[in-house]
Amino acid sequence: MRTLRNNLGLLGFLAVAGLLEFLFRRRLDPYFYKILVDVGIAVMLAVSLNLINGITGQFSLGHAGFMGIGAYIAASISTMLVMPGLARAALPPVMEGFAMMIAIGVAVVIGGACAAFAGLAVGMPTLRLKGDYLAIATLGFGEIIRTLILNTEAVGGPRGMSGIPPVSNFFWVWAWASACVAVIWRLAHSVKGRAFYAIREDEFAASATGVDPTRYKVIAFVLGSFFAGVAGGLLAHSATGYINPSQFDTLKSIEVVVMVVLGGLGSISGAVIAAVVLTVLPEALREFADYRMVVYSLLLVLIMLTRPRGLMGSREIFRAWKRSPQ
0 MRTLRNNLGL LGFLAVAGLL EFLFRRRLDP YFYKILVDVG IAVMLAVSLN
50 LINGITGQFS LGHAGFMGIG AYIAASISTM LVMPGLARAA LPPVMEGFAM
100 MIAIGVAVVI GGACAAFAGL AVGMPTLRLK GDYLAIATLG FGEIIRTLIL
150 NTEAVGGPRG MSGIPPVSNF FWVWAWASAC VAVIWRLAHS VKGRAFYAIR
200 EDEFAASATG VDPTRYKVIA FVLGSFFAGV AGGLLAHSAT GYINPSQFDT
250 LKSIEVVVMV VLGGLGSISG AVIAAVVLTV LPEALREFAD YRMVVYSLLL
300 VLIMLTRPRG LMGSREIFRA WKRSPQ
């Protein structure tokens, strides 16, 4: 019965998201529509990094690197395989559009899987490190990925990659964002998920109770990397149809870390709120022109002074979530 309710809830969400996509695409200004898509991508990045930094208690500064892997892998599959294949197939317009959506959806998942594999490859040796050492190791990984992209002419090098089919829309982005939130919330609040909180609080005590810290840290790293890669793939297929290495630099990783800290380490709903605020706020301050980033920074400082543990601390919005392990 519970599975049936979950499936009906998922179908209901997809129906609502599809209706909103239909209404927004035709009635909303393209600028505001783009902001909604950007917010969905930011939510995925913040919640996935919160699993690593907030719930498991690690300190990763390489999230933009995994995002870049997903973006460039998905974009390469779309431009080098999907589009030429559809051109040769000469399908009717309706079937071609449907086939393109399916093929690019698969490309985005493959991009996420490649990012997850990279997370596994990086996580196995580096997650034995702690604190600043782990931060430096993941920061170095992100820079390695950016440098590789810069020096790979097949994907445009420093010029970036263009001609990517702009198929990412409100429906797909928010469906993935909701899946990201649901999966990570279910994992973190399951019986086995208590191990993540135990590792965050005291790794040695968790190990003494039979928890394998390295195993759980790698799980968090791989899952977080997967959703970061999917977010990158969705970004690559957004309205501009263009990506470049500067979108996945260290500043992007720091921006996502700020979202996690601002929302509250370990709070999933806090990460969602912070992602929305930090994506919308710079756009809302555009009328301040040159002073926009100054005002933006001052507001962040003010929030952290008044809420040093973040907007939500370690709490969640919904009452059922307040029983999360501490």
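Counting in numbering that gives the first Met the number 0, the sequence shown runs without a single skipped number right up to 325 at its last residue. By construction, the Cβ of each residue, glycine as well, lies at the ideal position given by its N, Cα and C atoms.
Query, Result
"Since Val-172 contacts Leu-261 with CB under 8 Å, what's their CB separation in whole angstroms?", "Not a contact, Cβ separation roughly 21 Å."
"Would you call Met-160 buried or exposed, if buried means 16 or more other Cβ atoms sit within 10 Å of its Cβ?", "buried"
"Quick check: the stretch 60-71 against the stretch 241-248, are there 3 or more CB pairs under 8 Å?", "yes"
"CB-CB under 7 Å to Gly-312, same chain, minus the five flanking residues each way: which ones, in chain order?", "Gly-263, Ser-266"
"Considering only the alpha carbon of each residue, which of Val-259, Ala-98, Ala-73 lies closest to Gly-231?", "Ala-73"
"What span of residues does the alpha helix (DSSP H) with Gly-122 cover, start to end?", "92-125"
"Based on DSSP bridge pairs, tell me the residues matched to Ile-40.", "In the DSSP output, where bridge partners are listed per residue, Ile-40 has none listed."
"Nearest-angstrom Cα distance between Met-82 and Ala-112?", "21 Å"
"Could you give the DSSP three-state label for Met-160: helix, strand or coil?", "strand"
"Below 7 Å CB to CB, which residues in the same chain sit around Met-100 once its five sequence neighbours on both sides are set aside?", "Val-166"
"Enumerate in chain order the residues of its own chain whose CB-to-CB distance from Ala-181 is below 8 Å, with the five nearest sequence positions on each side excluded.", "none"
"Using 10 angstroms around the beta-carbon of Glu-286, count the other beta-carbons present and answer buried if the total reaches 16, otherwise exposed.", "exposed"
"Comparing alpha-carbon positions, which option in Asn-52, Leu-126, His-236, Val-293 lies nearest Asp-211?", "Leu-126"
"In whole angstroms, what separates the C-alpha of Pro-164 from that of Thr-239?", "9 Å"
"Assign Lys-321 to one of two classes, buried (16 or more other C-beta atoms within 10 Å of its C-beta) or exposed (fewer than that).", "For Lys-321, the pLDDT reaches just 45, beneath the cut-off of 50, and the residue's location in the model is therefore unreliable, although a value from the coordinates is still provided. That one is exposed."
"Assuming Phe-226 and Ser-47 are in contact, meaning their beta carbons sit under 8 Å apart, how far apart are those beta carbons, in whole angstroms?", "4 Å"
"Report the rounded CA-to-CA distance for Asp-201 versus Arg-158, giving the unit in angstroms.", "46 Å"
"Tell me whether Leu-133 is buried or exposed, calling it buried when 16 or more other Cβ atoms sit within 10 Å of its Cβ.", "buried"
"Using beta-carbon positions only, say whether Gly-162 and Thr-78 come within less than 7 Å of one another.", "yes"
"Given this structure, state the Cα-to-Cα distance separating Phe-97 from Val-36, to the nearest angstrom.", "21 Å"
"For my contact list, Gly-122 and Val-221 are in at a C-beta cut-off of 8 Å; report their separation, rounded to the angstrom.", "7 Å"
"How big is the Cα-Cα spacing for Ala-89 and Glu-95?", "8 Å"
"From Gly-39 to Ser-177, what does the alpha carbon distance come to, in whole angstroms?", "9 Å"
"Extract the residue ranges of the alpha helix (DSSP H) inside the stretch 156-204, only unbroken runs of 4 or more that lie entirely within it.", "169-187, 193-200"
"Would you mind sorting Gln-325 into buried or exposed? The rule is 16 or more other CB atoms within 10 Å of its CB.", "At Gln-325 the pLDDT is 46, less than 50, meaning the model places this residue with poor confidence; the figure from the coordinates comes in the next sentence. Flag for Gln-325 reads exposed."
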